[in-house]
Ligand code: A2P
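Residue numbers (full-length UniProt numbering): 5 to 283.
This is how it looks when you write it as structure tokens:
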């Protein structure tokens, strides 16, 4: 069929596992998101990650190029035609120093082997689901927040996102605003899905309506008071955690204090954890 401007961009693979970038958005000088074509054969569960990357510079001796690959959570839901990723920009990061310059039409490498523990299968049934994110740890939840099963399986879904500065909340805030007014999503996820969804953003180094690390706000009880919900209990609550290493360790300890146990794909329990990507 003739190619017209109205047609979506199609992948023209020249690299092995190449996918074509279809959209790029820069959120702050440290953060950006992008979308790319999805391999037809790629099936994944919302919340999983894949290895993505770019070809490195030629070796000065041999002239050979090797791919630079890193684990990235897929930020789009499993039903989406395209794939979305949310990334930090590290000035001397081997991958992100290059990846931050990608444009629509460029190719990235994507190994089509999705894995990860932030999946519904790794949790036992519960009433309330907590997503705890810091920084780019929001990415797997951007997928799960658009996954119908999230609202089918739980009465209440609470996402907390802690960042240093207000600007770093923008990707998540915009995503939640968009899914709340998306009629197609309402059809897909049930009319009252957005009544189940609660959003609790906090900052630590810039003034905002709610300040502080989520871990401190849990210890003080602020988060439960602010949301007017009962404290976390193993009978009712399930949690998924994704952030920097120190945060993951601290929140694990807290969740264990509440009586939740860490689960896995092979052994579902009350919470699961994964490290957010850092270059
Ligand atoms: P803080 O500014 O107090 O360090 P980063 O950008 O370094 O990955 O951090 C993202 C967010 O995670 C920041 O708001 C940071 O707060 C917070 N954070 C870092 N370590 C912890 C921790 N151990 N527990 C809770 N929050 C943390």
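Each residue gets a CB set at the ideal place from its N, CA and C atoms; glycine is no exception.
The structure presented is a predicted model; accordingly, all values stated were derived computationally and were not measured.
Residue burial classification, residue 63 (beta-carbon count within 10 angstroms, cutoff 16): The residue is exposed, with fewer than 16 neighbouring Cβ atoms inside 10 Å.
Distance, residue 259 Cα to residue 17 Cα: Any reading at residue 17 is ruled out, since the residue's pLDDT is 49, under 50, leaving its predicted position unreliable.
Residue 32 versus residue 196 - alpha carbon distance: It is roughly 32 Å from the alpha-carbon of residue 32 to the alpha-carbon of residue 196.
Close beta carbons around residue 100, own chain, < 7 Å, minus the five adjacent residues each side: These residues qualify, in order along the chain: 91, 92, 93, 94, 283.
Cutoff 8 Å; reference residue 5; Cβ partners in own chain excluding five residues on either side: The predicted model places residue 5 with a pLDDT of 48, which falls under 50 and marks its position as unreliable; any figure quoted below should be read in that light. Closer than 8 Å at the Cβ level, and outside the excluded window around residue 5, lies no residue.
Range covered by the beta strand (DSSP E) that runs through residue 113: Judged by DSSP secondary structure, residue 113 falls within the beta strand (DSSP E) whose first and last residues are 111-119.
Extent of the continuous alpha helix (DSSP H) to which residue 147 belongs: Element bounds for residue 147: 143-148.
Residue environment, residue 1, which counts as buried when at least 16 other CB atoms sit within 10 Å: The requested residue 1 does not occur in the structure, where the chain is confined to residues 5 to 283.
Closer than 7 Å: residue 167 CB and nearest the ligand A2P heavy atom: Within 7 Å of the C-beta of residue 167 there is at least one heavy atom belonging to the ligand A2P.
Three-state secondary structure assigned by DSSP to residue 175: The DSSP-derived three-state label of residue 175 is helix.
Cβ-Cβ separation, residue 162 to residue 231 (assumed contact under 8 Å), whole Å: Contact check for residue 231 and residue 162: beta-carbon distance about 7 Å, within the 8 Å limit, so the pair qualifies.
Residue from 57, 71, 194, 186 whose Cα sits closest to the Cα of residue 159: Ranking the options by Cα distance to residue 159, first place goes to 194.
Assigned secondary structure, residue 262 (DSSP; H/G/I helix, E/B strand, else coil): Coil at residue 262, not helix or strand.
Inter-residue Cα distance where the pair is residue 248 and residue 191: CA-CA distance, residue 248 to residue 191, rounds to 35 Å.
Residue 163: CB within 7 Å of a non-hydrogen atom of the ligand A2P: No - the ligand A2P has no heavy atom lying nearer than 7 Å to the Cβ of residue 163.
According to DSSP, residues forming a beta bridge with residue 185: BP columns for residue 185 are empty, so no partner.
Alpha-carbon to alpha-carbon, residue 254 and residue 223: When rounded, the distance between both Cα atoms is 11 Å.
Endpoints, the alpha helix (DSSP H) within which residue 2 is located: Residue 2 cannot be examined here, being either before or after the span of the chain that is shown, 5 to 283.
For residue 131, the three-state DSSP class (helix, strand or coil): In this structure, residue 131 counts as coil in the three-state DSSP scheme.
Rounded separation between residue 134 and residue 68 - CA only: Rounded to whole angstroms, residue 134 to residue 68 spans 46 Å at the Cα level.
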